[in-house]
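Numbering (the numbering used here), first residue to last: 16 to 436.
We put the beta carbon where it would ideally sit given N, CA and C, even for glycine.
Working notes, beginning with the structure itself.
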Amino acid sequence: MEKLIIRGGRALKGTVKVSGSKNSTLPILAAALLTDDLCVLEGVPNLRDVTTMIRILRNMGLKVVQEGGRVTVEPNGYKAWEAPYRLVSTMRASFCVLGPLLAKHGQAKVSLPGGCVIGPRPVDLHLKGLRALGAGLKVEGGYVLARARELKGSTIYLGGAFGSSVLATANVMMAACLARGRAVIENAACEPEVVDLAEVLIKMGARIQGHGTPVVTVEGVRRLNGFTHRVIPDRIEAGTLLVAAAVTGSELLVQGARPEQMGAVIDKLREAGIEVTLSDGAIRVRPKRTLRPVDVTTLPYPGFPTDMQAQLMALMCQTPGISVITEKIYPDRFMHVAELGRMGAQVKLEGACAIVQGVKRLSGAPVMASDLRASAALVLAGLAARGTSEVARIYHLDRGYDRVDVKLTQLGADIQRAKMD
Ligand code: EPZ
């Protein structure tokens with residue numbers, strides 16, 4: 016296992032390019048299961064989660080080749096319509112192979128994802144949506160055993176207690192593409208990654224309307240072709256880099272992002288006193304004055320993303336005043352609080368609310384990563400803290416960030432990757 020050794024207090028400077036979106040790549044790779052043709056995905060980030068998804072496809076017998084940012088998938092003869100627990104348990108997003116397998120082959124055996132540190136990861140909405148399309152699903156031995164002679168379009172309400180579901184929308188939308196007739200998904204997720212998936216499905220010959228809005232309509236077709244597609248940039252990595260500039264009081268130019276997909280994050284950073292300007296596709300960020308505390312509530316897109324909650328907290332921990340962070344998507348997503356506390360942060364949890372009393376400066380300490388975005392928050396805190404921090408178990412970080420330590424080092428940060436003793 017590896018750790019990052021971060022010597023805090025260094026200003027960052029320069030330009031950094033955002034990698035492709037993890038949360039767009041994963042369901043699009045699953046969409047390759049819907050066709051017998053060659054699929055080519057460009058701009059794929061180099062991430063552990065992408066490797067896991069590739070292993071799942073290979074485990075089914077598909078020929079998957081990854082060369083740099085290009086992944087090609089050739090469905091050259093399935094051998095198993097199964098996603099095993101040993102792989103799904105390491106990455107819950109694997110569950111989005113269920114819809115495509117069911118639609119293409121009429122059967123699937125996919126492990127239930129189980130929970131993770133950010134909270135239980137239920138899949139009831141996925142199952143509700145696929146049943147509404149006529150699938151027969153039963154849960155046995157921790158697996159979903161799915162069968163469907165033919166899927167049939169219907170109207171499906173896919174909202175849950177926490178609002179829309181990104182991957183349930185992806186799963187059901189993919190299955191509906193090969194169903195007979197029209198499917199209407201109400202309270203669909205509007206995230207840019209769902210839109211990117213829909214664009215790929217349309218390239219494959221699917222007939223989809225309303226993607227990016229809460230009502231998505233799919234007219235089923237008989238077959239789908241392959242695709243060539245470049246994934247959208249990762250808006251969460253971009254947001255994380257903006258916070259890296261803010262937390263170190265630096266000016267940075269973040270290239271390759273789509274600011275129109277980052278409205279809530281940019282708005283919140285501006286409210287905190289960070290100057291954010293857009294210049295031909297790049298985002299320039301620089302601290303204008305002393306930071307101001309902000310209140311934020313995480314919501315489904317276009318609201319403030321839950322995947323940016325921990326990173327914003329790292330910034331607010333060093334912003335004088337009281338900030339209130341309310342987590343409406345994963346109410347338990349606060350594993351980073353205790354670790355930030357080891358660095359001197361003053362954060363009080365009240366249910367799904369974190370009350371942050373900003374301190375002048377955090378102090379470096381050995382801390383433990385627990386999940387993807389919590390580890391990003393600890394790195395950000397380490398960049399600004401006085402002294403040296405060690406962030407252990409950074410495989411969590413590598414799941415969703417493409418060498419972000421290298422990117423930050425190239426901008427002037429003092430970060431070393433080392434083996435954990
Ligand atoms: C996607 O997960 C993202 N992952 C998550 O990013 C992200 O945090 C999440 O959407 C919310 O934006 C990928 O896209 C690979 P959800 P997903 O279904 O689809 C509840 C990261 O850091 N729910 O939108 O699994 C659920 O418990 C990861 O990159 C049900 O109740 O999340 C949550 O409270 C972490 N029943 C809410 O809905 C269900 O059947 C939103 O979850 C499904 C979800």
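Among the residues of its own chain, which have a CB less than 8 Å from the CB of Gln324, if the five just before and after it don't count?
Position 309 of the sequence shown, counted from the first residue, corresponds to residue 324. Once the five neighbours on either side are set aside, the close Cβ partners of Gln324 are Val311, Thr313, Ile340, Glu342, Arg348, Arg388.
When Met435, His141, Val215, Leu256 are compared against Leu239, the one with the closest alpha-carbon
Residue numbering aside, residue 239 sits at position 224 when the sequence shown is read from its first letter. The residue with the shortest Cα to Cα distance from Leu239 is Val215.
Name the two residues that bound the continuous beta strand (DSSP E) containing Leu267.
What you label residue 267 is simply residue 252 of the sequence shown in a count that begins at 1. First-last of the beta strand (DSSP E) with Leu267: 266-270.
Straight-line Cα distance separating Thr403 from Thr1
The structure shown has nothing for residue 1, since the chain only spans 16 to 436.
Quick check for students: name the residue ranges of the beta strand (DSSP E) that lie wholly in the segment 331-408, counting only runs of 3 or more.
Qualifying beta strand (DSSP E) stretches, in chain order: 336-342, 361-365, 368-373, 381-383, 403-407.
Using beta-carbon positions only, say whether Lys119 and Leu44 come within less than 8 Å of one another.
Residue 119 sits at position 104 when you count from the first residue of the sequence shown. Residue 44 sits at position 29 when you count from the first residue of the sequence shown. No, the Cβ-Cβ distance between Lys119 and Leu44 is not below 8 Å.
Which of the three DSSP states, helix, strand or coil, is assigned to Leu113?
Within the sequence shown, the letter at position 98 stands for residue 113. Helix, per DSSP.
Does the beta-carbon distance from Leu173 to Leu140 come in below 8 Å?
Sequence index remark: in the sequence shown, residue 173 carries index 158 (1-based). Sequence index remark: in the sequence shown, residue 140 carries index 125 (1-based). In contact: Leu173 and Leu140 (Cβ atoms closer than 8 Å).
Are the segment 256-269 and the segment 83-103 touching by the rule of at least three beta carbon pairs closer than 8 Å?
Two segments are said to touch when three or more pairs of C-beta atoms, one from each, lie closer than 8 Å; by this definition the segment 256-269 does not touch the segment 83-103.
Return the bridge partner residues of Pro302 from the DSSP annotation.
For the purposes of this step, residue 302 is taken as residue 287 along the sequence shown, with counting starting at 1. For Pro302, which the question treats as bridged, DSSP gives the partners Ile289.
Identity of the residue in Gly271, Ala147, Lys283 nearest Gln326 by Cα:
Walking along the sequence shown from the start, residue 326 turns up at place 311. Nearest of Gly271, Ala147, Lys283 to Gln326, Cα basis: Lys283.
Three or more C-beta pairs closer than 8 Å, one from the segment 76-89 and one from the segment 102-113: is that the case here?
Segments in contact, no.
Whose C-beta lies closer than 6 Å to the C-beta of Val199 among residues of the same chain, with five residues either side of it excluded?
For the purposes of this step, residue 199 is taken as residue 184 along the sequence shown, with counting starting at 1. Within the same chain, Thr170, Thr232 come within 6 Å of Val199 by CB-CB distance, once the 5 residues on both sides are set aside.
So the candidates are Gly121, Arg136, Asp436, Met75; which of them puts its Cα closest to the Cα of Thr105?
Stepping through the sequence shown from its first residue, residue 105 is reached at position 90. Per the Cα distances, Arg136.
Quick check on Gly415: does DSSP put it in helix, strand or coil?
Stepping through the sequence shown from its first residue, residue 415 is reached at position 400. Helix, per DSSP.
Contacting residues, own chain, Cβ-Cβ under 8 Å from Met219 (five flanking each side not counted)
Your numbering for residue 219 matches position 204 in the sequence shown. Correct list, in chain order: Ala46, Leu49, Thr50, Cys192, Leu239, Asn240, Gly241, Phe242.
Enclosing beta strand (DSSP E) for Asp429 [first to last residue]:
Here residue 429 refers to the residue found at position 414 of the sequence shown. Residues 429-434.
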